[in-house]
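Written below as structure tokens is the structure these notes are about.
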Amino acid sequence: MENIIEITKEKKTELETELKNLVDVERPNVIKELSAARDQGDLSENADYDAAKNRQGEVESRINEIQTTLKNVKVISSVTKSDRVKLGSTVSYTNVKDGEQATYTIVSEIEVDPENNKISNLCPVAKCLIGRSVGDTVEVTNIKTPYKIKITKIQ
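Take a look at the structure:
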């Protein structure tokens with residue numbers, strides 16, 4: 003059995019919506035493209051046919067990927083205020099050495115979005131934060147140059 007992936011309800015809904023679109027819209031469109039390309043005749047030198055086959059492979063691969071993911075997800079309960087960092091928490095901290103501050107939301111590996119400060123629960127920073135409380139100073143390890151951070155806020 004695959005590993006269970008904990009995700010938010012919103013991410014599960016997003017995946018289900020994407021899957022429905024792929025199955026109900028994209029797949030039929032690709033079938034039409036393949037049919038139209040076949041009608042052009044010789045398939046051995048038909049760029050439209052090759053492109054449609056490639057697109058079909060991409061669509062089917064993504065459908066399979068989402069279906070596999072959805073079979074192995076556990077939806078995390080609504081994020082409630084907690085005194086400890088957990089999956090779904092937004093954590094603010096200060097680097098002890100240089101005073102630099104940062105805020106990240108800890109999410110599953112399939113929800114990572116660096117542009118929106120969402121980091122994987124499997125990354126070194128998140129691993130050292132999970133289970134800790136405001137005021138705790140922890141060392142970020144399993145990296146080239148370990149450093150210490152102090153938790154200032156948990157949402």
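In case it helps, the numbering used here puts the sequence shown at residues 3 to 157. Note that CB positions come from ideal geometry on N, CA and C, so glycine has one too.
State the Cα-Cα distance for the pair residue i and residue j, rounded to the nearest angstrom.
i: Y51; j: A39; result: 5 Å
i: G137; j: E12; result: 30 Å
i: I7; j: V114; result: 13 Å
i: Q157; j: V127; result: 17 Å
i: L124; j: D41; result: 50 Å
i: K155; j: S135; result: 8 Å
i: S63; j: E35; result: 18 Å
i: L131; j: E60; result: 37 Å
i: P30; j: T10; result: 30 Å
Identify, in the order they occur along the chain, each residue of the same chain with its Cβ nearer than 7 Å to the Cβ of residue i, setting aside the five sequence neighbours on each side.
i: M3; result: In this predicted model, M3 has a pLDDT of only 46, less than 50, meaning its place in the structure is not dependable enough to derive any value.
Along the chain, where does the beta strand (DSSP E) containing residue i start, and where does it finish?
i: N97; result: T92 to N97
i: E102; result: First-last for E102: undefined, no H or E at that position.
i: I65; result: First-last for I65: A49 to K73, but that is the alpha helix (DSSP H), not the beta strand (DSSP E).
i: S122; result: K120 to S122
i: I156; result: Y149 to I156
How would you write the range of the alpha helix (DSSP H) that residue i sits in, first residue to last?
i: S37; result: R29 to R40
i: T15; result: K11 to N23
i: V127; result: P126 to L131
Would residue i and residue j be called neighbours here (beta carbons separated by less than 8 Å)?
i: S91; j: I108; result: yes
i: E20; j: I68; result: yes
i: K99; j: K150; result: yes
i: L24; j: L72; result: no
i: A53; j: V32; result: no
i: K152; j: T139; result: yes
i: V75; j: K14; result: yes
Quick one: what's got a C-beta closer than 8 Å to residue i's C-beta in the same chain, skipping five residues either side?
i: E102; result: T96
i: I145; result: P126
i: S84; result: S91 and I156
What does residue i pair with, by DSSP beta-bridge criteria?
i: D115; result: K120
i: T143; result: Beta-bridge pairing links T143 to no other residue.
i: K76; result: E8
i: V109; result: S122
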